[in-house]
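What follows is a short report on a single structure.
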Amino acid sequence: MTATGVHHRSYTSELRLRATRAEYVRLALMGVLLVVVPFVLDNYWMSIANTILIAIIGAVGLNILVGYTGQISLGQGGFLAVGAYTSVILSDRMGLPTPLAIAFAVVFTAVVGTFFGLPGLRLKGLYLAIATLASQQIIEFFIRRDIGDFLTGGLGYINVERFGFLGFQIGGRDVFERQWYVILAILAVLSVMAARNLFRTGLGRSFMAVRDQDIAAEAIGVNLTRAKLTAFAVSSGFVGLAGALTAHYSEVVSWEKFTLQVSILYLAMIIVGGLGSIAGAVYGAIFMTLLPVVIRNVANAFESVVPFLGNQLPAVQNATFGLVIILFLIIEPRGLNRLWERIKEFFRFWPFRY
Amino acid sequence: MSTFVSVLAYGLADGAILALAALGFVLIYKATSVINFAQGEFLLVGAYMFYTAFVVMRLPLLLAVLVGVVVATLIGVLVERLILRPMIGESAISIIMVTIGLSSLLRALVQMFYGTRPQPMPAILPRGSVQILGATVPINRLLVILVAAVVLTAFTIFFRKSRHGIAMRAVADDQQAAMTMGISVRRIFAMAWALAGVSALIAGVLLADISAVDQNLAAFGLLVFPVVILGGLDSVPGTIVGGMIMGLLIQATASYWEAGLAVVIPYVVLVLILLVKPYGLFGETRIERV
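Note that the protein sequences, when read in sequence, are chains B and G. Residue numbers for the first sequence, in the numbering used here: 208 to 561. Residue numbers for the second sequence, in the numbering used here: 78 to 367.
See below:
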């Protein structure tokens, strides 16, 4: 949505991502914030910032599929796993340079995602949700059972070598989080930019047409099969990147990181952030990653006053998680992004109401 | 032969419970077009409510069942009123997600009150076993099948004969037409959720009796999806047939093939059905026209 009073005098200006000066100012502020973060936060909060950056990439990927193309997916955890295991096996076991392994993991996850997107050609809405639930369970089972121990060698997990490339090596405790922050921040910014621009292309527009009314989209010449499958491929690509980064950043891969719970967490991110909005995916990733952390810190702070919070921490975190999803869906189904837009509108029209 | 008999007994017992859990799911879907991802948690909450009444408060069995039924009804109605009614008209994604949020909330609440340790439940159904064709079959499994059969028959008669049952079918068939005939759609929605709560309570208690009362009861709820997809999302007889087939399939896989595979086989079947016959055995085929 652009502000009232913005006149476009050429097509190029209309196609621009940002039209007003305020938007550029906000963008600059965001850039400054990204640069300042590593100088002000300690290692603990840096690790959370890094988790958020990875979640942003994954949430943007999922939002392309769910928010923009209207295809529900409960298979996010499975696709993250595909990215993580592929990248680790290629880099640590086959000796491929890590960035190359990550790139391969992105491509491979896109392929796997497209395969599991095939039911989407015949199914819609809840049927697709159930189909992706099944694919999540099947992928999870496959990793967990690890028949022949070809994934983890019988350990149940893989230790991952410290990330390094062309003589550069991530350092020890004191610099670890900050070095990763630089890498992850660059990748997250690139992912967000790529996704933002995707929806200015014909392909991205066809995704939205499929979401809004698939039969009408077909009537105006959108190739439904191609649009749905590319949506699965593009989205899974992002998710594969997030999975591979999770593996290399946390330096251990095991099936517990890729359960149905993770799929649900990512869906919660894009719902709370705002379906069909890239900015929303970012807000949602930040919000949902911070939520349990904040609850934990509050519980620790009030441990002497309300011991219940500390004793029941996991349950309190889960209850809040459920409650947040329910409340957002009932009160503001379009999420944090819409809230933010409403705030902006309020100040744009102030002192008038509309 | 003895393996076959025990697979049959265990499979049908599991299947009967699955059918009961799936019944609630189908009722809600039929009447309100809501996919309830919290069905497993309904099972969980039901079992814990019964546990509280029967073990903690030491009520006699029948009274405990009654308390459980009342609470399950209340929870069902409250969930419909507070959470699902504001969601009318929202997209499928939002409705699915709100029930997922609900499942997380219910599970967390149960954990807060009862902890994560499994609670031992005194036997409700008689223990001991009988010999059938050389197989040792526990009596409680057989009784589970019996109880479920009685409950499912009662539900079926309720839908066929009673005034409310007919009203429910009318609403499921065509909401607008039902409304013009003076049926309160709101009340039917509430009733669907209440009945789902009750059938989940019975399933939860039966399941608790043959295993234990703990958080894993909720995991059982995910198995509802293979069942309803096999039977057809909007078919009551479908849930019974689907439940039985799925229960037998799980037990047969565990006994004849490998125990570990029994976890994943329902989902493999689910995907196959979706690819071949997406509306299941008894589901209504929806044809989209423009």
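Heads up, the beta-carbon is just placed ideally off N, CA and C, and yes, glycines get one too.
Can you give me the Cβ contacts of Thr527(B) inside the same chain, cut-off strictly under 7 Å, excluding the 5 residues immediately before and after it?
Leu498 and Ile502
Chain-order list of residues whose beta-carbon lies under 7 Å from that of Ile222(G) (same chain, five-residue window excluded):
Leu89, Ala90 and Ala93
Going along chain G in order, which residues have a C-beta closer than 8 Å to the C-beta of Ile478(B)?
Ile170, Ser171 and Met174
Span of the alpha helix (DSSP H) holding Val367(B)?
Careful: Val367(B) lies outside any alpha helix (DSSP H) and carries neither H nor E.
Got a sec: is the Cβ-Cβ distance from Met189(G) to anything in chain B below 7 Å?
yes
Take every Cβ of the stretch 239–253 of chain B, pair it with every Cβ of the stretch 411–419 of chain B, and state whether three or more of those distances are shorter than 8 Å.
no
Length of the line joining the Cα atoms of Arg240(G) and Ser261(G)
13 Å
Kindly indicate if chain G contains any beta-carbon less than 7 Å away from that of Asn270(B).
no
Distance, Leu373(B) Cα to Ala339(G) Cα
47 Å
Can you give me the Cβ contacts of Met256(G) inside the same chain, cut-off strictly under 6 Å, excluding the 5 residues immediately before and after it?
Val262
With distances taken between CB atoms, is the gap from Thr109(G) to Ala269(G) smaller than 7 Å?
yes
Taking the continuous beta strand (DSSP E) assigned at Thr213(G), which residues delimit it?
Ala212 to Pro215
Sequence-distant residues of its chain with Cβ nearer than 6 Å to Thr176(G) (five each side left out)
Asn113, Phe114 and Ala115
Could you give the distance in angstroms between the alpha-carbon of Ser443(B) and the alpha-carbon of Leu300(G)?
26 Å
Report yes if the CB atom of Thr496(B) is closer than 7 Å to the CB atom of Ile259(B), and no otherwise.
yes
Interface flag, Asn525(B) vs chain G, CB-CB below 7 Å
yes
Look up Leu143(G) in the DSSP assignment and say whether it is helix, strand or coil.
helix
Which chain G residues are close to Gly332(B), counting only those with a beta carbon under 9 Å from its beta carbon?
Ile112, Ser168, Ala169, Ile170 and Ile173
Inside the stretch 234–279 of chain G only - alpha helix (DSSP H) runs reaching at least 4 residues:
240–250 and 252–257
Of all Cβ atoms in chain B, is any one closer than 7 Å to the Cβ of Leu347(G)?
yes
Within the same chain, show all residues whose beta-carbon is closer than 7 Å to that of Val248(G), passing over the 5 residues directly before and after it, in chain order.
Ala108, Ala255, Ile260, Val262 and Ile265
Scan the stretch 332–360 of chain G and note each continuous alpha helix (DSSP H) run of 4 residues or more that stays entirely inside, going in chain order.
342–353
If we call anything under 7 Å between Cβ atoms a contact, is Leu530(B) one with Leu182(G)?
yes
Helix, strand or coil: which one does DSSP assign to Phe372(B)?
strand
Taking its Cβ as the centre, do 16 or more other Cβ atoms sit within 10 Å of Asp381(B), making it buried, or is it exposed?
exposed
Which residues bound the beta strand (DSSP E) around Gln208(G)?
Ser206 to Ile209
Cβ of Val154(G) within 7 Å of any chain B Cβ
no
Helix, strand or coil for Ser461(B), going by three-state DSSP, please let me know.
strand
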